[in-house]
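Visitor: Just dropping this structure here.
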């Protein structure tokens, strides 16, 4: 085993154990990293005494007597430093039994604090890197901000402080378009106008809980999910439609649900279009059923009977209203012919778009742009994965992403061409995944009426629902009693709640309320119709009837030859109110004697 000698470091004064074979070699202190050269300590004889030197091992080098350790500056310059002895007997490393730092001599060393000097390199490098990174970020922030706003569809133009920029300070769009059309960049007179709201308006009409037709889906009633309110949300956020210039008229609206009866829908549309200014860009979205009858196309309100045109809204009327509207840009989105395989066909509606319907829709007035959710012989599909509807799912996704690579200004058109292109791509993907065909179509072209953005013109009044009369307490009580008395069942069992509820029904005329409230004497016509309707509704249901009318219902089912197994999967049309025969249609309104049960 190697022997060792003790040596004191001249720098930190620590005692070190040094192997004897390292004597006369340059080493470093393991505590302060100071370089030193260890000399053997030969004891000096006393005066007059005889010297009796100890016999040294044969391999110990002979060295002249020197002080026990060199001083701080006592290291003489050496032409070369022999390497520290290592074990060459095998490939195994030599264990450092003495805890010393195994280093070579550095001839440039001048201070015992060299370790501290080396430690400054890392902080300097880090600070230098952070400084360079900061400069790069400062230069890149404006570019990244513009890119993020374009990606999110943010059409507002703002400076670094979040305030609107002067439009004159902004270069042209990537396409460089000016003047007209959805790709226009800047118009005369729009100047520094970013502090003013965009001249855009939107009305969304969605009808879901039809009284006489198949229901349509609303989407998931969960905040942040795709549903009808998401259309209004992204029209406001991404398309810059002012919040007070957008309205959702629906029986299933989360806020202020209103039964969209024929009178309410027509009155609201009329007021919406009539109050629009020449500089406004307007969009009207209709979600619900449509039907073609004798070459004419009709939209169905909530109480509409698809076999009775007088209860429906003619598309020709709507086209005329849009044609006479003074707005600068006019867009109509028709999500009709909706069908859900999950719900099936419980009531009329959900049929494919006929070729004639497509032909009528295609004949749009000049300056009107119309988008349909599907083409002839197709349906607007509602699937489990897209309960909002495949078309609206794709449309909402396009609205959410906005138009990339284009900054919108107040004088620009709503970029409907690019929104439609993105919607078609989304629908194609969903339709291909689920093995069906659905091709949205767009008809008509933009026609410039010459109006320019004018921030000095007062904004239109806040949009409001027109033609709606609040339901009286008596009316609510009547509807509740009728629903309880009828106990109206769904046509077939379903996981979706399609039962008629109070909030879906239109208000009842006061005259009807008074007639039904009579308790003395014979039943009124309305009371007789309610009792009859209860039996008729249970006849066409696949569910077991209540005990008190079970006999009458079974007799009518037998007489009508109702096949309950067919009712579970679909709907067969009757030749009259209660008789089933292919090729004809059932009229729910006639079954309920609709003229007597008219809505006020």
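In this note's numbering, the protein residues as written are 1055 to 1654. The beta carbon of each residue, even a glycine, is placed where N, CA and C say it ideally should be.
#1: Pairing CB atoms from the segment 1496–1508 with CB atoms from the segment 1438–1447, are three or more of them under 8 Å?
#2: Measuring alpha carbon to alpha carbon, tell me which of 1479, 1318, 1461, 1297 ends up nearest residue 1450.
#3: Below 8 Å, how does it come out for the segment 1257–1265 and the segment 1353–1365: are there three or more Cβ pairs, yes or no?
#4: Let me check understanding here. Comparing Cα to Cα, which of 1481, 1606, 1515 lies closest to residue 1495?
#5: Could you name each continuous beta strand (DSSP E) segment of 3 residues or more that falls completely within the segment 1330–1380, going from the start of the chain to the end?
#6: Is the separation between the beta-carbon of residue 1421 and that of residue 1384 shorter than 9 Å?
#7: Which runs of the alpha helix (DSSP H) fall wholly inside the segment 1392–1431 and span at least 4 residues, in chain order?
#8: Inspect the beta-carbon positions of residue 1517 and residue 1337 and report whether they are closer than 9 Å.
#9: Less than 8 Å between the CB atoms is what I'm expecting for residue 1658 and residue 1415, so what's the real figure, rounded?
#10: By Cβ distance below 8 Å, which residues in the same chain neighbour residue 1520 in space, the five residues on each side in sequence not counted?
#11: So, under 8 Å CB-CB, residue 1025 and residue 1254 are touching, yes? Tell me the CB distance rounded to an integer number of Å.
#12: What does the alpha-carbon distance come out to for the pair residue 1067 and residue 1091?
#13: At the level of alpha carbons, what is the spacing between residue 1467 and residue 1487?
#14: Throw me the rounded Cβ distance for the residue 1382 and residue 1505 pair, which I believe falls under 8 Å.
#15: Please go through the same chain and pick out, in chain order, the residues whose beta-carbon is closer than 6 Å to the beta-carbon of residue 1061, but skip the five residues on each side of it.
#16: Given residue 1386, which residues of its chain have a CB within under 6 Å of its CB, disregarding the five upstream and five downstream residues?
#17: Cβ of residue 1315 within 8 Å of any heavy atom in the ligand FMN?
#18: Determine the closest residue to residue 1057 out of 1065, 1076, 1063, with distance taken between C-alpha atoms.
#19: Determine the direct distance from the alpha carbon of residue 1064 to that of residue 1120, and round the result to whole angstroms.
#20: Within 10 Å of its beta-carbon, does residue 1038 have 16 or more other beta-carbons around it, so buried, or fewer, so exposed?
#21: Give me the DSSP bridge partner(s) of residue 1254.
#22: If distances are taken between C-alpha atoms only, which option among 1464, 1457, 1475, 1394 comes closest to residue 1426?
#23: Here's a check: name, in chain order, each residue in its chain whose Cβ is nearer than 8 Å to the Cβ of residue 1316, leaving out the five neighbours to either side.
#24: Would you please state the rounded distance, in angstroms, between the beta carbons of residue 1431 and residue 1411? I believe it to be under 8 Å.
#25: In or out: residue 1361 buried (at least 16 other Cβ within 10 Å) or exposed?
#26: May I have the straight-line CA-CA distance separating residue 1393 from residue 1347, to the nearest angstrom?
#27: Which residues mark the beginning and the end of the alpha helix (DSSP H) in which residue 1473 is found?
#28: Kindly list the residues whose CB is nearer than 6 Å to the CB of residue 1296, restricted to its own chain and excluding five residues on each side of it in sequence; keep chain order.
#29: Once you ignore the five residues that flank residue 1085 on each side, which residues in its own chain have a CB closer than 6 Å to its CB?
Guide: A quick look at the data gives this:
#1: no
#2: 1479
#3: yes
#4: 1481
#5: 1335–1341, 1344–1347, 1350–1353
#6: yes
#7: 1409–1416
#8: no
#9: No information on residue 1658 is available, as it lies outside the stretch 1055 to 1654 that the chain covers here.
#10: 1318, 1321, 1322, 1324, 1325
#11: Here the chain comprises residues numbered 1055 to 1654, so residue 1025 is not present and cannot be evaluated.
#12: 15 Å
#13: 34 Å
#14: 5 Å
#15: 1070, 1072, 1092, 1123
#16: 1338, 1424
#17: The ligand FMN is absent from the structure shown, which contains no ligands of any kind.
#18: 1076
#19: With a pLDDT of 49 at residue 1120, under the threshold of 50, the modelled position of this residue cannot be trusted; read the value that follows with caution. Each residue's Cα considered, the two are about 15 Å apart.
#20: Residue 1038 lies beyond the residue range present for the chain, which begins at 1055 and ends at 1654; the question has no answer from this structure.
#21: 1335
#22: 1475
#23: 1355, 1357, 1358, 1365, 1366, 1367
#24: Not really, about 10 Å apart at Cβ, beyond 8 Å.
#25: buried
#26: 19 Å
#27: 1470–1487
#28: 1251
#29: 1066, 1068
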